[in-house]
Structures are given as C-alpha cells and as structure tokens.
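Below: one structure, written as structure tokens.
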Amino acid sequence: NNLEVRVSHPIKGRVPAARNKKAADLLPHEKTLYYQRMMFIVRINTSMHQLNGQQVELVAGGIKAYNQDRLDSYQNTHQHFKIFVGMQVKVCANLCVFTDGAQMDVKVTSLKELRGCIQSLALSYQFEQQRDLLEEWPKYALDEDQFTYFLGRCKMYHQMPYKKRKQVPELLLGDSQISSVAQGYFEDKAFKNDNGYIDLWSLYNFLTAANKSSYIDKALERNINAGDMVGQFISALHGEDFWYLKQMI
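Pasting the structure below:
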C-alpha cells in the first residue's frame, strides 16, 4: 500500500538515429529522458507499532542507480539493485534499516531473479527482533557532555589520516550532516533533548534524519551505519571501549 518513489539526477539524451544532430535541432520523438537514481518504499500497514511514543510501521523498498551499471553493455549484463526491509517512524519518515534487513549488492539479469531476491530477504527478515532492539534504546541516555564529545569525535573522524581512521568504527555521515544532528538536539520537536539528556532512540533519529540529505544511492548504507553506531553506545555505557565516547566513560 502507498507506494512512494523518489528520483534524482535527470539525464537528457537522444535516440541513436539522432546522435549527430545539434541539441537545438532535436525533434520531440528523438529526445530521451531517464533518472540516474531511484528509491521506492512500500508501507505494510498491518504492522503498526508504538515505540517510545512514536508510531512505526513496517516498510519494504529498493534502490536502483544506473551509475552502478554499464548501460552500453550487452543485454544480459547484470543489473545492480539494493533492497531492504525495515521500519519507518511515522512522525518524521526516518527509516530504521539494519544489516540483516538489507541486501546491498543484488545482481540480476531478469525480473524473475530480482523477485526471488526480494522474496528471500522478506522471508528471512526478523521484524520482532529488530523491534525489540529498538525498544531498548530509549532506556539509555547520554548527558550533554557525552553528546558533545560524540559530535566532536565525529567531526574529527573525517580529518584523520587514513591509517588512523581505519582503526576506529566507520562513520559514513558527512560534516554537514553531523551539524544537522547538533541542530536536532535543540530544535527537533519530536526528539530534542530532555533537560540535557538525549536517549539513544532520539540520537538514532537525529542521525537518520540527517541522512535524508544523502544521495539516493548512498542513503541505505548510511542508514545502516547509523544503527550500527548507536548499537555500540550501549556497550560503551557499560564500560567497553568505544572511540566516540572513550574518554567520557
């Protein structure tokens, strides 16, 4: 129900017979148009759930980006897709997708193969397990000093030498997106801080909200990365080493 599609990067072209014409001389039937990136989601309205006061629902979706394919290859060349199953927070439309709910490099040569990959992912997805994990996150919170330290480490990450960066947990959100996370701490009506504390559910939604500015073909990886990052905070708050909070615990 409620199929939603987003596209980006329109590419204007022409049919092969008009390849030697000037752009101004092209006739309407000689012009072509395709979109380089596309993402879709389908809402499964029978799976509504309340999580920390917000309604979440089960969604399935996929991403197609032509920049990952060779458009000039033979017809039976593999086409690349990304598919996922997860949840969406109704108040803000943030996606909640984890590694076991996504296939990041689906290569198919037919719709039948693509359908099989989607069915396999849907059958293996554990909705209850992901829901139970998310329900734990509101029980843990960072104080303002810890949150500030986390943001500072995020800013440092992209400036670190490559060898040192490989030794710490990966962060896929960029500097401007981390600034959006800081802004959400003060301004987000649904998830802003509570007397200087921010629970991990709210932090996760700051990260996934910032991810909305990503290109379609990068959004899914960054969404999964945000979940991996927040999941490690629980261990850190119990005393385990975590670079993004290491000096604060």
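Going by our numbering, the sequence shown opens with residue 2, and the numbers climb by one from there. For glycine and all other residues, C-beta sits at the position ideal for the given N, C-alpha and C. Here the structure is a predicted model, which means the values were calculated and not measured.
Length of the line joining the Cα atoms of residue i and residue j
i, j, result
"residue 84", "residue 131", "17 angstroms"
"residue 123", "residue 86", "7 angstroms"
"residue 198", "residue 101", "30 angstroms"
"residue 6", "residue 64", "10 angstroms"
"residue 94", "residue 188", "17 angstroms"
"residue 113", "residue 79", "13 angstroms"
"residue 171", "residue 118", "28 angstroms"
"residue 115", "residue 107", "8 angstroms"
"residue 235", "residue 203", "14 angstroms"
"residue 23", "residue 233", "56 angstroms"
"residue 39", "residue 216", "10 angstroms"
"residue 104", "residue 225", "11 angstroms"
"residue 195", "residue 127", "32 angstroms"
"residue 140", "residue 213", "26 angstroms"
"residue 27", "residue 21", "10 angstroms"
"residue 169", "residue 51", "34 angstroms"
"residue 250", "residue 241", "Low local confidence applies: a pLDDT of 49 at residue 250 is under 50, so the model's placement there is unreliable, with the coordinate-based value given in what follows. Taking the straight line from one Cα to the other gives about 9 angstroms."
"residue 60", "residue 45", "6 angstroms"
"residue 210", "residue 239", "27 angstroms"
"residue 221", "residue 97", "10 angstroms"
"residue 68", "residue 144", "42 angstroms"
Sheet register partners of residue i (DSSP bridge)
i, result
"residue 160", "None; residue 160 has no bridge partner."
"residue 33", "14"
"residue 103", "85"
"residue 144", "198"
"residue 95", "90"
"residue 225", "Answer is none; residue 225 lacks a bridge partner."
"residue 57", "50, 90"
"residue 109", "80"
Residue i - DSSP class collapsed to helix/strand/coil
i, result
"residue 47", "strand"
"residue 63", "strand"
"residue 71", "coil"
"residue 9", "strand"
"residue 41", "strand"
"residue 219", "helix"
"residue 245", "coil"
"residue 213", "helix"
"residue 178", "helix"
"residue 21", "coil"
"residue 206", "helix"
"residue 167", "coil"
"residue 238", "helix"
"residue 152", "helix"
Span of the beta strand (DSSP E) around residue i
i, result
"residue 192", "Per DSSP, residue 192 belongs to no beta strand (DSSP E) and is neither H nor E."
Limits of the unbroken alpha helix (DSSP H) element including residue i
i, result
"residue 118", "112-125"
"residue 129", "128-137"
Touching or not, the stretch 5-16 and the stretch 31-42, by the rule of three or more beta carbon pairs under 8 angstroms? Because the criterion of three Cβ pairs below 8 angstroms is met, the stretch 5-16 and the stretch 31-42 touch.
Between the stretch 169-177 and the stretch 147-161, do at least 3 Cβ pairs fall closer than 8 angstroms? yes
Answer yes if the stretch 140-157 comes into contact with the stretch 234-247, meaning at least three C-beta pairs across the two stretches below 8 angstroms, and no otherwise. yes
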